Amino acid sequence: MKHARILLGGQELEISVDEQGNVTDGAGQDLSIDLNSDAITWLPPVKEPGTIFALGINYADHATELAFEPPKEPLIFIKHANCLTGHKQVSYRPDNIDYQHYECELVAVIGKSGKNIKAEDALDYVAGYTVCNDFAIRDYLENYYRPNLRVKSRDSLLPMGPWLVDTADIADANALRLTTHVNGKMTQEGTTKDMIFNVPFVIEYLSKVMTLNPGDMICTGTPHGIVDCQPGDVIVCEIEDVCALETRMVSEQEYYGDKY
Amino acid sequence: MSQPLLVKSKLICVALNDAAQLKQLDATFNEKPYGKPPTEPVLYYKPRNTWAADGATVEWAVDFDGNSVDSMVVGASLGVVIGKEACRVSEDEALDAVAGYTIVGDYSLPEQTYFRPDIKGKCLDGSAPVGPVVAEVATPNAVEVIISVNGAEQSRFSYANLERSVETLISKLSYIMTLQPGEVIAVGFAGERTPVAPGDKVELSIDGIGTLTSTLGAKG
Numbered sequence: 122m123k124h125a126r127i128l129l130g131g132q133e134l135e136i137s138v139d140e141q142g143n144v145t146d147g148a149g150q151d152l153s154i155d156l157n158s159d160a161i162t163w164l165p166p167v168k169e170p171g172t173i174f175a176l177g178i179n180y181a182d183h184a185t186e187l188a189f190e191p192p193k194e195p196l197i198f199i200k201h202a203n204c205l206t207g208h209k210q211v212s213y214r215p216d217n218i219d220y221q222h223y224e225c226e227l228v229a230v231i232g233k234s235g236k237n238i239k240a241e242d243a244l245d246y247v248a249g250y251t252v253c254n255d256f257a258i259r260d261y262l263e264n265y266y267r268p269n270l271r272v273k274s275r276d277s278l279l280p281m282g283p284w285l286v287d288t289a290d291i292a293d294a295n296a297l298r299l300t301t302h303v304n305g306k307m308t309q310e311g312t313t314k315d316m317i318f319n320v321p322f323v324i325e326y327l328s329k330v331m332t333l334n335p336g337d338m339i340c341t342g343t344p345h346g347i348v349d350c351q352p353g354d355v356i357v358c359e360i361e362d363v364c365a366l367e368t369r370m371v372s373e374q375e376y377y378g379d380k381y
Numbered sequence: 010m011s012q013p014l015l016v017k018s019k020l021i022c023v024a025l026n027d028a029a030q031l032k033q034l035d036a037t038f039n040e041k042p043y044g045k046p047p048t049e050p051v052l053y054y055k056p057r058n059t060w061a062a063d064g065a066t067v068e069w070a071v072d073f074d075g076n077s078v079d080s081m082v083v084g085a086s087l088g089v090v091i092g093k094e095a096c097r098v099s100e101d102e103a104l105d106a107v108a109g110y111t112i113v114g115d116y117s118l119p120e121q122t123y124f125r126p127d128i129k130g131k132c133l134d135g136s137a138p139v140g141p142v143v144a145e146v147a148t149p150n151a152v153e154v155i156i157s158v159n160g161a162e163q164s165r166f167s168y169a170n171l172e173r174s175v176e177t178l179i180s181k182l183s184y185i186m187t188l189q190p191g192e193v194i195a196v197g198f199a200g201e202r203t204p205v206a207p208g209d210k211v212e213l214s215i216d217g218i219g220t221l222t223s224t225l226g227a228k229g
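Printed below as a string of structure tokens:
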């Protein structure tokens, strides 16, 4: 089963989609809607987002691409809900920068609280999986708490969705093809098999330090194949059996409008 | 646990905002892995599992093998409580977004490096007490932040020594992210953190706001 949050006719709905493609609302009522309809506004799939953990350099080939040694323990940084936006929404490119790239990532969403969780029990704490695009602006990197908030905590730069797939529906989260297309052309192709630290490892690691809570998310990093993105570009990050997330880039001025 | 949490949605901390500390670390920051001193505010989050109220116990941390750690430290800061949405505000407008001021404690493992986000050191459950109240402060860039352990003063940090002012930080942050009511910014800690021990009673005080009290838990 897939679970999403949408706006339809001015109403916020929590919808579920079964294997046959039947769409129902939170009360189990059938909704006769086409998921490709322009009448749908997709919201980020987690209703009450908690702490968002993101991994850096978590694919060996991406580490090479960035000229880093693969890490010996996970590089984890924190983000919050201000970054989130939904499927088919916009993300902005700041003015006067040279290099902003997407990062197509598998996301595990925590479904129940736990501390000191063992890797072998970790999936019991995962409500489901989704896809995010954890954009980065390389111009803003500084070597202090890197990747720093100026790079990774900006409004709209963590599109996520369109939906959450139940954990039980993904037999092996580390055997999924991952691609990114920019304006229809494939620019990134990899597999979650190449992840250095997988979801159960990261859950065990984090929960040794702190309590994980429902709504917390773990964004697991991206493989090789990042390219610069410009306003007007349409970026689709897709992970097999999970979902395809579409984002349109806009300028800083277009994004902030009156506040620009 | 009886008191409600004061923070909503996020607690942003500013590191390395003690001008004397920056000066002292200048040589280090010109070497690897830093390369050069920071050009923008150095920021980290205390996530929601860390938030606590006045009077709470701060657990003594354990390491990855389950053994109690040897040392913990505390820093104290003025907490700027956001009162209305702030998106891309100028320094002149910055204080209009402020609902009031409080005290933020940051209990952590000793700060050994600023290169990577310090999840192990900074994200311990209950390690960020905030309170005791939200008060008005006429001159936020002139407060003194005092740390006392078991009744004896251990640290006194004057905001005359801040590298960046409250207004500058609110403005700069609001260009990174839209700040929302209830969010708290800890704008400046003394460069030298204060060591604490199991069972210590720690009081963080700012004149005009009050005292934020915590007790360190026992070794496990």
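So the sequence lines, in the order shown, correspond to chains A and B.
FYI, the numbering for the first sequence is 122 to 381, going by the working numbering.
FYI, the numbering for the second sequence is 10 to 229, going by the working numbering.
Every residue gets a Cβ at the ideal spot worked out from N, C-alpha and C, and that includes glycine.
Here the structure is a predicted model, which means the values were calculated and not measured.
Against chain B, with Cβ distances strictly below 8 angstroms, would A:T332 count as a contact?
Against the first sequence, residue 332 of chain A aligns to sequence position 211. Judged by the 8 angstroms Cβ criterion, A:T332 is in contact with chain B.
Quick one: give me the first and last residue of the beta strand (DSSP E) that B:K210 is part of.
Here the question's residue 210 of chain B lines up with position 201 in the second sequence. Counting along the chain, the beta strand (DSSP E) containing B:K210 begins and ends at K210 to I215.
Measuring CB atoms only, is the region 130-146 of chain A touching the region 299-311 of chain A, in the sense that at least three cross pairs come out at less than 8 angstroms?
no
Residue environment, B:G160, which counts as buried when at least 16 other CB atoms sit within 10 Å
Indexing the second sequence from 1 puts residue 160 of chain B at position 151. B:G160 is exposed by the Cβ-count criterion.
Rounded to a whole number of angstroms, what is the C-alpha to C-alpha distance between A:Y180 and A:S328?
Position 59 of the first sequence, counted from the first residue, corresponds to residue 180 of chain A. Position 207 of the first sequence, counted from the first residue, corresponds to residue 328 of chain A. The alpha-carbon atoms of A:Y180 and A:S328 are separated by roughly 22 angstroms.
Express the C-alpha separation of A:T341 and B:P50 in angstroms, rounding to a whole number.
Counting from one through the second sequence, the residue named residue 50 of chain B turns up at place 41. Counting from one through the first sequence, the residue named residue 341 of chain A turns up at place 220. Those two C-alpha atoms are separated by around 27 angstroms.
Taking C-beta pairs closer than 7 angstroms, name the residues in chain A that B:K19 reaches, listed in chain order.
Counting from 1 along the second sequence, the entry for residue 19 of chain B is found at position 10. Chain A residues near B:K19: H201.
Delimiting residues of the beta strand (DSSP E) encompassing B:F166:
What you label residue 166 of chain B is simply residue 157 of the second sequence in a count that begins at 1. Segment A161 to S167, the beta strand (DSSP E) holding B:F166.
Using 8 angstroms as the limit for Cβ to Cβ distance, is A:E263 near chain B?
Position 142 of the first sequence holds residue 263 of chain A. For A:E263, the answer is yes, since a Cβ of chain B falls inside 8 angstroms of its Cβ.
Can you tell me whether DSSP reads B:V78 as helix, strand or coil?
Position 69 of the second sequence, counting from 1, holds the residue named residue 78 of chain B. In the structure shown, B:V78 sits in coil (DSSP, three-state: anything other than H, G, I, E or B).
If we count the other Cβ atoms within 10 Å of its Cβ and call it buried at 16 or more, is A:L187 buried or exposed?
Indexing the first sequence from 1 puts residue 187 of chain A at position 66. The residue is exposed, with fewer than 16 neighbouring Cβ atoms inside 10 Å.
DSSP has A:N254 in a bridge; who is on the other side?
The sequence position of residue 254 of chain A within the first sequence is 133, counting from 1. DSSP output for A:N254 lists A:C225 as bridge partner(s).
At a cut-off of 7 angstroms, would you count A:E361 as near the ligand NAD, judging by its Cβ distance to the nearest heavy atom?
Although the ligand NAD was asked about, the structure shown includes no ligands whatsoever.
Got a sec? Which residues, its chain only, sit under 7 angstroms from B:S18 by beta carbon, not counting five neighbours each side?
Here the question's residue 18 of chain B lines up with position 9 in the second sequence. Counting only Cβ-Cβ distances below 7 angstroms, and skipping sequence neighbours, we find Q189, G191 and E192.
Chain B partners of A:G171, CB-CB under 7 angstroms?
Looking up residue 171 of chain A in the first sequence gives position 50. By Cβ distance, chain B contributes R57.
Rank B:E172, B:G109 and B:V139 by C-alpha distance to the C-alpha of B:T148 and give the top, closest one.
Within the second sequence, numbered from 1, the residue matching residue 148 of chain B stands at position 139. Ranking B:E172, B:G109 and B:V139 by CA distance to the CA of B:T148 puts B:G109 first.
With a cut-off of 8 angstroms, does the C-beta of A:R271 fall near any C-beta of chain B?
Taking the first sequence and counting its residues from 1, one reaches residue 271 of chain A at position 150. Yes - at least one Cβ of chain B is within 8 angstroms of the one on A:R271.
Are B:V146 and B:V152 closer than 8 angstroms when you measure CB to CB?
As a position in the second sequence, residue 146 of chain B is number 137, starting the count at 1. As a position in the second sequence, residue 152 of chain B is number 143, starting the count at 1. Yes, they are a contact pair.
Name the chain A residues that come within less than 8 angstroms of B:K129, Cβ to Cβ?
Start at 1 with the first residue of the second sequence, and residue 129 of chain B comes out as number 120. Simply V330.
With distances taken between CB atoms, is the gap from A:V228 to A:C253 smaller than 8 angstroms?
Position 107 of the first sequence holds residue 228 of chain A. Position 132 of the first sequence holds residue 253 of chain A. Yes, Cβ-Cβ distance for A:V228 and A:C253 is below 8 angstroms.
Less than 8 angstroms between CB atoms is the rule here; does B:Y116 satisfy it with respect to chain C?
Absence of chain C from the displayed structure is noted, the protein chains being A and B.
Grab me the residues of A:G130's own chain with a C-beta within less than 8 angstroms of its C-beta, minus the 5 sequence neighbours each way, in chain order.
Along the first sequence, read from residue 1 onward, the residue named residue 130 of chain A stands at position 9. Excluding positions up to five away in sequence, the list reads A160.
Which same chain residues end up closer than 6 angstroms to B:M10 when comparing Cβ atoms and leaving out the 5 residues on each side of it in sequence?
Within the second sequence, the letter at position 1 stands for residue 10 of chain B. Because the pLDDT at B:M10 is just 43, under 50, the model does not fix this residue reliably, and the point stays unresolved.
Taking beta-carbon pairs under 7 angstroms, can you tell me which members of the region 39-53 of chain B lie near chain A?
P42, Y43, G44, P47, T48, E49, V51, L52 and Y53
Proximity winner among B:S214, B:R202 and B:D209, relative to B:Q30 (alpha-carbon distances):
Here residue 30 of chain B is taken as the residue at index 21 of the second sequence, counted from 1. In terms of CA proximity to B:Q30, B:R202 leads the group B:S214, B:R202 and B:D209.
Whose C-alpha, out of A:P170, A:Q150 and A:G147, is nearest the C-alpha of A:Q279?
As a working mapping, residue 279 of chain A is identified with position 158 in the first sequence. For clarity, residue 279 of chain A is Leu in the given sequence; the question names Gln instead. For the residues A:P170, A:Q150 and A:G147, the minimum Cα distance to A:L279 belongs to A:P170.
Let me confirm a value: B:V83 is counted as buried when at least 16 other C-beta atoms fall within 10 Å, else exposed. Which label applies?
Residue mapping note: residue 83 of chain B aligns to position 74 of the second sequence, counting from 1. Buried, by the Cβ-count rule.
Supposed contact pair A:A175 and A:F198 - C-beta distance, whole angstroms, cut 8 angstroms
Taking the first sequence and counting its residues from 1, one reaches residue 198 of chain A at position 77. Taking the first sequence and counting its residues from 1, one reaches residue 175 of chain A at position 54. Right, their Cβ atoms sit about 6 angstroms apart.
So for A:D219, helix, strand or coil by DSSP?
Residue numbering aside, residue 219 of chain A sits at position 98 when the first sequence is read from its first letter. Coil.
Would you say A:D219 and A:D260 are within 8 angstroms of each other, going by their C-beta atoms?
The count along the first sequence starts at 1 and reaches residue 219 of chain A at position 98. The count along the first sequence starts at 1 and reaches residue 260 of chain A at position 139. The answer is yes: Cβ separation under 8 angstroms.
Compare the Cα-Cα distances from B:T66 to each of B:Q121, B:A137 and B:Y123 and report the closest residue.
Taking the first residue of the second sequence as 1, we reach residue 66 of chain B at position 57. Checking every option, the nearest Cα to that of B:T66 belongs to B:A137.
Through-space distance from A:K273 to B:V98, alpha-carbon basis:
Numbered from its first residue, the second sequence carries residue 98 of chain B at position 89. Numbered from its first residue, the first sequence carries residue 273 of chain A at position 152. Cα to Cα, the separation comes out at about 20 angstroms.
Interface positions of the region 175-188 of chain B facing chain A (Cβ-Cβ less than 7 angstroms), listed along the chain:
I185, M186 and T187
Span of the beta strand (DSSP E) holding B:F38?
To locate residue 38 of chain B, count along the second sequence from 1; it is residue 29. From DSSP, B:F38 is part of no beta strand (DSSP E) but of the alpha helix (DSSP H) over D35 to F38.
Taking the alpha helix (DSSP H) that B:V16 belongs to, which residues open and close that run?
Locating residue 16 of chain B in the second sequence gives position 7, where the first residue counts as 1. Neither: B:V16 is in no alpha helix (DSSP H) and is coded neither H nor E.
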